[in-house]
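Chains as they are written, first to last, in the working numbering: chain L, -10 to 236; chain D, -10 to 236.
Reading through the structure tokens given below for one structure.
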DNA sequence: CGATGCTCGATTGTCAACGATCGAACGATT
DNA sequence: AATCGTTCGATCGTTGACAATCGAGCATCG
């Protein structure tokens, strides 16, 4: 086995129909549920930034042992939601708006640009149907003004596309940054008409179905590019306030 | 070399004399060495992509128990070096050149653009000295043609700057993607003159010392932008080959 | 009265054993 | 002979107990 057959994309079964959310699974390991419980608790603000997370307390609270909690904390650390120190435990981490706008959103744009192009040639009718379903959910939520539901569907929409791209590292990075973006959307989503958000996704789906990269990317950039009120430009200027050179 | 092992400063109102890299406080306090051992083994190619990693074997091999190995695998999974499936274990993951060029490098550019601006206003003379030291190491390595040493110093150089930015999420994302980029550099670094690489870092340091964002970013982009031979553009073309519409 | 060293509680790090699940080989049935 | 159900080994997931470490408070000493 000396031959190195280049880069392998190791996947057990590369089925176009992605693993659906829950249906055909036998049993999800405890630890994974712990991750989800803690993650949603953190993004929901039930734990405040700076708060300490004690393994024993969490394990009792969640009805499991410390092992799964430990692994969950490790994962959350890699999702940037907590930060831990040797022998001193973990604390909840906040995300500054600036870092979201200047770093996480641009990264997201890079990820999506790439995945959309790849996903378009791999998505099946079932996948498109899934996207349609999420849009429908968003429509319903828009009527009742339920921002949280919209954001959920929004992220699921993009998760489907990115997952369909079949690019393992792109998917992996996306999974580690989107929990941090979610909080930002929940905070500032109100600055935009909910109907607009739904409409944009409808256009995104249409663009995907054309399978034309240029159309998709154009649509994508106008969708993601300028969410925040108007803070991005300000920063570049403000930061240089003291270092503002003529040049 | 084990520098980025522990989690470094969060940002506790640090004074001018910032605590530099994690100094030899006490000793290597924990079996997080397992992570480093496995990581270096993977990036060094001692485990091939697709190879299975069995917890028991690894624990025996490393003289520890399965607990630390488990956590190490989780961390490596979040660094994209392995991928694991419930009840089926972990396999080593490869990185395609395309994904590095189209996703990871652009992400890196985003991260660095942001951190350079922030770091410049926070870096101390000691930090600049550290950068100078890495450049010196690169010079020496360039003379002997030791690509691996250069890449190591290269990554440490950028790690110092990004760490100095004091932006926790930027640092965190960087730490999860640079192990994947390292392999790419080792594969294709030869396509570029080693002296050029050193020179670029010298210019990068000078740009940092001007503390002028525009100068820094310009230098940065010319440093990172076009590493690969000429594959990036090709792909964009090839991709659109079938989808070249008039529109 | 202030500084130094020490004990102690709280919490994390590690370990070995037990239970659950998967995949493959094997045998029974038609 | 081919298909289906079952057993079995290998491996992962979980648990509870034990050891190591940190930080705070207290006592002692100058």
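All C-beta atoms, glycine included, are put in the ideal place defined by N, C-alpha and C.
Beta-carbon proximity list for residue i, same chain, < 6 Å, skipping 5 on both sides
i, result
"residue 170 of chain L", "93"
"residue 127 of chain D", "139, 142 and 187"
"residue 154 of chain L", "104, 107 and 108"
"residue 57 of chain D", "20 and 23"
"residue 210 of chain L", "none"
"residue 86 of chain L", "none"
"residue 200 of chain D", "109"
Residue environment, residue i, which counts as buried when at least 16 other CB atoms sit within 10 Å
i, result
"residue 13 of chain L", "Here residue 13 of chain L scores only 40 on pLDDT, less than 50, and its place in the model should not be relied on; the value that follows carries that caveat. By the 10 Å Cβ count, residue 13 of chain L comes out exposed."
"residue 99 of chain D", "buried"
"residue 259 of chain D", "In this structure chain D extends from -10 to 236, so residue 259 of chain D is not present and cannot be described."
"residue 294 of chain L", "Beyond the ends of chain L as shown, which are -10 and 236, falls residue 294 of chain L; an answer cannot be given."
"residue 159 of chain D", "buried"
"residue 133 of chain D", "exposed"
"residue 45 of chain D", "exposed"
"residue 152 of chain D", "buried"
"residue 68 of chain D", "buried"
"residue 39 of chain L", "exposed"
"residue 172 of chain L", "buried"
"residue 157 of chain D", "buried"
"residue 43 of chain L", "exposed"
"residue 77 of chain D", "exposed"
"residue 174 of chain L", "buried"
"residue 34 of chain D", "exposed"
"residue 196 of chain L", "buried"
"residue 207 of chain D", "exposed"
"residue 137 of chain L", "exposed"
"residue 167 of chain D", "buried"
"residue 83 of chain D", "buried"
"residue 75 of chain L", "exposed"
"residue 179 of chain L", "exposed"
"residue 97 of chain D", "buried"
"residue 202 of chain L", "buried"
"residue 18 of chain L", "exposed"
"residue 59 of chain D", "buried"
"residue 88 of chain L", "buried"
For residue i, the first and last residue of its enclosing alpha helix (DSSP H)
i, result
"residue 78 of chain D", "Where residue 78 of chain D is concerned, there is no enclosing alpha helix (DSSP H), although the beta strand (DSSP E) it sits in stretches over 78 to 81."
"residue 116 of chain L", "114 to 133"
"residue 152 of chain D", "136 to 153"
"residue 181 of chain L", "No alpha helix (DSSP H) holds residue 181 of chain L; DSSP gives it neither H nor E."
"residue 28 of chain D", "22 to 32"
"residue 207 of chain D", "202 to 213"
"residue 156 of chain L", "That residue, residue 156 of chain L, is in no alpha helix (DSSP H); it is neither H nor E in DSSP."
"residue 64 of chain D", "55 to 67"
"residue 46 of chain D", "44 to 51"
Per-residue contacts from residue i into chain D (C-beta, under 9 Å)
i, result
"residue 166 of chain L", "158 and 162"
8 Å Cβ shell around residue i - same chain, five flanking residues per side excluded
i, result
"residue 184 of chain D", "131"
"residue 162 of chain D", "96 and 100"
"residue 149 of chain L", "7, 116, 119, 120 and 123"
Chain-ordered neighbours of residue i on chain D, where CB pairs are closer than 7 Å
i, result
"residue 64 of chain L", "63 and 67"
"residue 88 of chain L", "156, 158 and 159"
"residue 123 of chain L", "Correct list: empty, because the minimum Cβ distance to chain D is about 24 Å."
Per-residue contacts from residue i into chain L (C-beta, under 7 Å)
i, result
"residue 169 of chain D", "158"
Limits of the beta strand (DSSP E) - the one that residue i falls within
i, result
"residue 104 of chain L", "First-last for residue 104 of chain L: 94 to 109, but that is the alpha helix (DSSP H), not the beta strand (DSSP E)."
"residue 71 of chain D", "71 to 74"
Neighbouring residues, chain L, relative to residue i (Cβ below 8 Å)
i, result
"residue 92 of chain D", "99, 100, 103, 156, 158, 159 and 162"
Chain L residues whose Cβ lies nearer than 9 Å to that of residue i
i, result
"residue 127 of chain D", "In chain order: nothing, as chain L lies at least about 27 Å away."
Interface partners of residue i on chain D, CB under 8 Å
i, result
"residue 59 of chain L", "60"
Contacting residues, own chain, Cβ-Cβ under 7 Å from residue i (five flanking each side not counted)
i, result
"residue 229 of chain D", "Bear in mind that the predicted position of residue 229 of chain D carries a pLDDT of just 40, short of 50, making it unreliable; the figure below should be weighed with that in mind. There are no such residues."
"residue 237 of chain D", "Since the first and last residues shown for chain D are -10 and 236, residue 237 of chain D lies out of range."
"residue 15 of chain D", "In this predicted model, residue 15 of chain D has a pLDDT of only 49, less than 50, meaning its place in the structure is not dependable; the value taken from the coordinates is given anyway. Once the five neighbours on either side are set aside, residue 15 of chain D has no close Cβ partner at all."
"residue 71 of chain L", "42, 62, 65, 79, 80, 81 and 82"
"residue 198 of chain L", "117"
Identify each residue in the stretch 95 to 109 of chain D for which the Cβ-Cβ distance to at least one residue of chain L is less than 8 Å, and report them in chain order.
95, 96, 99, 100, 103, 106, 107 and 109
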